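Asker: Just passing along the structure, written as structure tokens.
2 protein chains.
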Amino acid sequence: MIKNMVNVQTLKGFRDFLPTSSLKRQFVLDTLRKVFISYGFEPLETPALEYEEILTGKYGAEGDKLMYKFTDNGGRKVALKYDQTVPLARVVAQYQNALPLPFKRYQMQNVYRAENTQKGRYREFLQVDIDIVGVYSPLSDAEVIAVLAKSLEKLGFKNFKVLVNDRKVFENLSDRGITDKDIPVVVRTIDKLKKIGKEKVIEELVDNGVDNQKALALIEALESQKPTPKIQEILSALSKMGIDEKLVEFLPTLARGLDYYTGVIFEVEIDGYDVGSIAGGGRYDNLIGIFKGSDVPAVGFAFGFDRLMEAMETLDLFPKDLNSKNILIAFSTSDLEEKALEAANQLRTKGLNTQIFLEDATLEKQLKYADKKQIPFVLIVNEDDFILKNMQSGEQKSVTLGSLPDEL
Amino acid sequence: MIKNMVNVQTLKGFRDFLPTSSLKRQFVLDTLRKVFISYGFEPLETPALEYEEILTGKYGAEGDKLMYKFTDNGGRKVALKYDQTVPLARVVAQYQNALPLPFKRYQMQNVYRAENTQKGRYREFLQVDIDIVGVYSPLSDAEVIAVLAKSLEKLGFKNFKVLVNDRKVFENLSDRGITDKDIPVVVRTIDKLKKIGKEKVIEELVDNGVDNQKALALIEALESQKPTPKIQEILSALSKMGIDEKLVEFLPTLARGLDYYTGVIFEVEIDGYDVGSIAGGGRYDNLIGIFKGSDVPAVGFAFGFDRLMEAMETLDLFPKDLNSKNILIAFSTSDLEEKALEAANQLRTKGLNTQIFLEDATLEKQLKYADKKQIPFVLIVNEDDFILKNMQSGEQKSVTLGSLPDEL
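Chains as they are written, first to last, in the numbering used here: chain A, 3 to 410; chain B, 3 to 410.
Laid out in structure tokens, this is it:
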């Protein structure tokens, strides 16, 4: 064996997920999948690699810059998936007959961005999206918000709010003396109200050339803004859908990527996790039709999966028993092998995840392995009986196979 | 809306999976995952993109040629994942403290190969691998074979066999007058025995310069070869593990990628599906240590996921009821909306996947949608009652919400 003399490392922004974290990811994905399916959403998978011309020009100059692009062996210009929305637009155009509208899909795949890596920014990361394509109704807006709230509940979040606004709230800014070219920066600044407070926002607006009086008037006008008719309909539908009204709040200063959205917008605020929103979305009626050549309405949201995982970790929401059905069968002499293998078989039939130590080893070594692997139970096979050892408490007792898994 | 004037298409060898096929893929993955976990295997995820120097040189000249390689924005030479074994070798070297041996992992991720596309050959495809790292024992060989057999059983396969051989069988070929340089081609030819028959194999061997008599003697010797001691131990362990002995067959002419394997090798034969083996594996004690600089024994197998899916389809093994818990709630006037939304909520609580038509539409249009989407049941909301329509039989009857899901 000659050692391969390379640096053993991953690329910056790319991650390995070892078993402990991969199991947690799987738990979250399984939970979300169940919620999505329960509302009639269907899975979609698209390739990691697409023709560059499909992807470029859709995410602005910044997006094009951050895209992984290269020329493949056949001379084709290709790019790695940047998000899941443009591929959805392609799918909607490409399979018009196979996919009757409304099309409600969820998608859970990795996307790739050549970001400057920093805390919480990765170059390969999982996106979890749901979208309803082909419907304009407030009912569809309400449904994606309901799915978001229900997802968070199922994951164990308790003190959270979905903040909701209508992009239409910003349409009359020019009536308030804001010139068209200033609207994006004004909206982006106002979006920070909840975070940095009124005073700082006004300061920033003035720095950006907005008259002090106008800035104050604008904020006061927004703050006293009543829910638009569409928002009223959405809130009413959410209540009929059984979503607790305390979970949804109209916030007229919420902005989010204004150029993209055309109607309702929303994001999530969680007590005890203030790094940023773990999910956000809205209505965007001008994007999904881009390849089809006709308007196709759409509303949906994306989880920032890494933030979601971080929030779950921060709030200690992962079930303690993700690993609880695991058991190691230990035996110390080869004449006990058959008994051990039979026991493993029986326990598996009963739904226990059962492994056996696969080479000759002392009992001590096997227990040490279970400890390192955080396997909660070891069943020691003796000639005359089985001893169940609880690895956390250290407690041991003689058991029969029949009494498992109840004894765990 | 200006139509984006590009060809709406995917790259050759790259596929979209629309809901019907994505659901089936998910069913297979969930089933396999449960089996793997039940034997104590743990999930691992590694990046799609790695430093090129990690991946190149490990798959031979052919592999290097088929690898997707490019230079990223930061000038780093990178490559897309070619398989899951070299990344596993990297992980084993990189996280020696976090991953005590034995390390039993499963991995289900896409890999990328710039293959000539042809029937069943793709450039992006899912690999499903399990491996046991760090153990030499026949018990570990037997365990991966047991997991393979159990996986196939759980997926619904009935008439299949795991064909098993020991690479050691080919070690004494030079004693039989085969020169060292001829061994690879001789082994590859012999591997075809079951497929093309003895006569054709001898013909091919002679074409390759092997003396006719020697070729015949060689085949006869192999055919009468008894299981090696290691194979005997593996078969005995499999029987103790509760694997029906009819499911495992010693086949001394089985060869598989000889350069890579160092001990037991195996693949799957399925009655009614003869396109090729849907899974194969073996022991390879000289590869996983390549980055660590010391020998690390390993045994495992990979499913050819696309072939597995094709075999399931050919043998009609997908459950008919993958979709059976789905229901569409239809209503035709807006004053029934609240009743419909409440019903949807109740049914979801009962574990039914329930969707509601999200825009104003005639009952006819809603039924047509359910039909196109192959939603098996529609619950029509009336002022005074609910009508359950079985979309396949056309049968309709008045039901109460309380009687669902039993009525389905």
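C-beta atoms are modelled at their ideal positions from N, C-alpha and C, and glycine is treated no differently.
Remember, it's a predicted structure, so these values are computed and weren't measured experimentally.
Looking at the C-beta of PHE388/B, does it have a partner C-beta in chain D at a distance below 8 Å?
Answerer: Here the protein chains are A and B, and chain D is not one of them.
Asker: Taking Cβ-Cβ distances below 7 Å as the criterion, which residues of the segment 12-35 of chain B are in contact with chain A?
Answerer: Those residues of the segment 12-35 of chain B that come within reach of chain A (Cβ to Cβ, closer than 7 Å) are THR12, LEU13, PHE16, ARG17, ASP18, PHE19, LEU20, PRO21, SER24, LEU25, GLN28.
Asker: Can you pull the chain B neighbours of LYS375/A, defined as C-beta to C-beta under 7 Å?
Answerer: Stepping through the first sequence from its first residue, residue 375/A is reached at position 373. Ordered by position in chain B, the residues that pass the 7 Å Cβ test against LYS375/A are PRO102.
Asker: At the level of alpha carbons, what is the spacing between LYS121/A and SER279/A?
Answerer: Position 119 of the first sequence, counted from the first residue, corresponds to residue 121/A. Position 277 of the first sequence, counted from the first residue, corresponds to residue 279/A. For LYS121/A and SER279/A, the distance between alpha carbons rounds to 15 Å.
Asker: If you drop the 5 nearest sequence neighbours on each side, which residues of the same chain put their C-beta closer than 8 Å to that of ASN288/A?
Answerer: Here residue 288/A refers to the residue found at position 286 of the first sequence. The answer, listed in chain order, is THR264, ASP297.
Asker: Checking 8 Å against the spacing of the C-beta atoms, do LYS83/A and GLU52/A come in under that value?
Answerer: For the purposes of this step, residue 83/A is identified with residue 81 of the first sequence, where counting begins at 1. For the purposes of this step, residue 52/A is identified with residue 50 of the first sequence, where counting begins at 1. LYS83/A places its beta carbon less than 8 Å from that of GLU52/A.
Asker: Using 8 Å as the limit for Cβ to Cβ distance, is ARG169/B near chain A?
Answerer: As a first step, residue 169/B is located in the second sequence; it is residue number 167 there, counting from the start. By this cut-off, ARG169/B is not an interface position.
Asker: Taking the beta strand (DSSP E) that ILE389/A falls in, what are its first and last residues?
Answerer: On the first sequence, position 387 is the one that residue 389/A refers to. Element bounds for ILE389/A: 388-392.
Asker: DSSP three-state call for PRO231/B: helix, strand or coil?
Answerer: For the purposes of this step, residue 231/B is identified with residue 229 of the second sequence, where counting begins at 1. Residue state, collapsed to three classes: helix.
Asker: On the criterion of 16 or more Cβ atoms from any shown chain inside 10 Å, does LEU403/B qualify as buried, or is it exposed?
Answerer: For the purposes of this step, residue 403/B is taken as residue 401 along the second sequence, with counting starting at 1. Exposed, because fewer than 16 other Cβ atoms sit within 10 Å of the Cβ of LEU403/B.
Asker: Spell out whether any CB of chain B is found under 8 Å from the CB atom of GLN96/A.
Answerer: Working through the first sequence from its first residue, we reach residue 96/A at position 94. Output row for GLN96/A: interface = yes.
Asker: With distances taken between CB atoms, is the gap from ILE290/A to LEU25/A smaller than 8 Å?
Answerer: One-based indexing of the first sequence puts residue 290/A at position 288. One-based indexing of the first sequence puts residue 25/A at position 23. The answer is no: Cβ separation not under 8 Å.
Asker: Exposed or buried, VAL130/A, counting other C-beta atoms within 10 Å across all chains shown (16 or more means buried)?
Answerer: Within the first sequence, numbered from 1, the residue matching residue 130/A stands at position 128. Result: buried.
Asker: What does a CB cutoff of less than 7 Å around GLY302/A pick up in its chain, not counting 5 residues either side in sequence?
Answerer: As a first step, residue 302/A is located in the first sequence; it is residue number 300 there, counting from the start. Excluding positions up to five away in sequence, the list reads ASP131, ILE132, ASP133, ILE134, VAL146, GLY283.
Asker: Look at ALA239/B and LEU141/B and say whether their C-beta atoms are less than 8 Å apart.
Answerer: For this step, residue 239/B is matched to residue 237 along the second sequence. For this step, residue 141/B is matched to residue 139 along the second sequence. The answer is yes: Cβ separation under 8 Å.
Asker: Figure out for me which residue from THR351/A, ASP184/A, LYS375/A, LEU410/A has the closest Cα to the Cα of LEU390/A.
Answerer: For the purposes of this step, residue 390/A is taken as the residue at position 388 of the first sequence. Nearest to LEU390/A by alpha-carbon distance, out of THR351/A, ASP184/A, LYS375/A, LEU410/A, is LEU410/A.
Asker: Only counting the same chain, and skipping five residues up and downstream in sequence, which positions put a Cβ closer than 8 Å to that of ASP18/A?
Answerer: Mapped onto the first sequence, residue 18/A falls at position 16. Scanning its chain for C-beta atoms nearer than 8 Å, with the 5 sequence neighbours on each side dropped, one finds around ASP18/A the residues THR12, in chain order.
Asker: Answer yes or no: does any C-beta atom of chain A fall closer than 8 Å to that of ALA116/B?
Answerer: Position 114 of the second sequence, counted from the first residue, corresponds to residue 116/B. For ALA116/B, at least one C-beta of chain A is nearer than 8 Å to its own C-beta.
Asker: Cβ closer than 9 Å: which chain B residues qualify as neighbours of THR48/A?
Answerer: For the purposes of this step, residue 48/A is taken as the residue at position 46 of the first sequence. Residues of chain B passing the Cβ test: THR12, PHE16, ARG17, ASP18, PHE19.
Asker: Compare the C-alpha of ARG107/B against each of PRO407/B, GLY62/B, ALA300/B, LYS370/B and name the closest.
Answerer: Within the second sequence, the letter at position 105 stands for residue 107/B. For the residues PRO407/B, GLY62/B, ALA300/B, LYS370/B, the minimum Cα distance to ARG107/B belongs to ALA300/B.
Asker: Bridge partners for MET69/B per DSSP, in chain order?
Answerer: Here residue 69/B refers to the residue found at position 67 when the second sequence is read from its first residue. Paired residues: none, contrary to the question.
Asker: Would you call the segment 267-277 of chain A and the segment 146-165 of chain A touching, i.e. three or more CB-CB distances under 8 Å?
Answerer: yes
Asker: Distance check for VAL187/B and ASP85/A, CA to CA, integer angstroms please.
Answerer: Reading the first sequence from its first residue, position 83 is the one you call residue 85/A. Reading the second sequence from its first residue, position 185 is the one you call residue 187/B. Cα-Cα distance, rounded: 47 Å.
Asker: Answer yes or no: does any C-beta atom of chain A fall closer than 8 Å to that of THR356/B?
Answerer: Looking up residue 356/B in the second sequence gives position 354. For THR356/B, the answer is yes, since a Cβ of chain A falls inside 8 Å of its Cβ.
Asker: For THR364/B, collect the residues of the same chain with a Cβ closer than 7 Å to its Cβ; drop the 5 residues on either side in sequence, then sort them by chain order.
Answerer: The residue labelled residue 364/B in the question sits at position 362 within the second sequence. Around THR364/B: SER334.
Asker: Is there at least one Cβ from chain B nearer than 8 Å to PRO45/A's Cβ?
Answerer: On the first sequence, position 43 is the one that residue 45/A refers to. Yes, PRO45/A lies at the interface with chain B (some Cβ there is under 8 Å from its Cβ).
Asker: Does any residue of chain B have a CB that is nearer than 8 Å to the CB of LYS242/A?
Answerer: Sequence index remark: in the first sequence, residue 242/A carries index 240 (1-based). Answer yes: the Cβ-Cβ gap between LYS242/A and chain B drops below 8 Å somewhere.
Asker: Between the beta-carbon of GLU385/A and the beta-carbon of LEU338/A, is there less than 8 Å?
Answerer: As a working mapping, residue 385/A is identified with position 383 in the first sequence. As a working mapping, residue 338/A is identified with position 336 in the first sequence. It is a contact, given that the beta carbons lie within the stated cut-off.
Asker: Would you verify that the beta carbon of LEU384/B is, or is not, closer than 8 Å to some beta carbon of chain A?
Answerer: Here the question's residue 384/B lines up with position 382 in the second sequence. A quick correction: the sequence has Asn, not Leu, at residue 384/B. No, ASN384/B lies away from the interface with chain A (no Cβ there is under 8 Å from its Cβ).
Asker: Among LYS294/A, LEU354/A, TYR371/A, which residue has its Cα nearest to the Cα of ALA332/A?
Answerer: Along the first sequence, one-based indexing puts residue 332/A at 330. When each option's Cα is compared against that of ALA332/A, the closest is TYR371/A.
Asker: Tell me, please, whether the CB atom of VAL166/A is closer than 8 Å to any CB atom in chain B?
Answerer: Mapped onto the first sequence, residue 166/A falls at position 164. Taking Cβ atoms only, chain B never reaches closer than 8 Å to VAL166/A, which makes this a no.
Asker: Buried or exposed for LYS375/A, please, with buried defined as at least 16 other CB atoms from any protein chain shown within 10 angstroms of its CB.
Answerer: Locating residue 375/A in the first sequence gives position 373, counting from the first residue. LYS375/A sits buried, since 16 or more C-beta atoms from the chains shown fall within 10 Å of its C-beta.
Asker: What is the DSSP secondary structure of LYS197/B, reduced to helix, strand or coil?
Answerer: As a first step, residue 197/B must be located in the second sequence, where it is residue number 195. DSSP places LYS197/B in helix when its eight states are reduced to three.
Asker: Quick check: is the beta carbon of SER40/B nearer than 8 Å to any beta carbon in chain A?
Answerer: Position 38 of the second sequence, counted from the first residue, corresponds to residue 40/B. So, interface residue.
Asker: Are the C-beta atoms of VAL130/A and some chain B residue less than 8 Å apart?
Answerer: For the purposes of this step, residue 130/A is identified with residue 128 of the first sequence, where counting begins at 1. Chain B, which has no Cβ nearer than 8 Å to the Cβ of VAL130/A, makes this no.
Asker: With contact counted as at least three CB pairs below 8 Å, one residue from each stretch, are the segment 52-70 of chain B and the segment 26-34 of chain A in contact?
Answerer: Touching, no, given that fewer than three Cβ pairs across the two stretches are closer than 8 Å.
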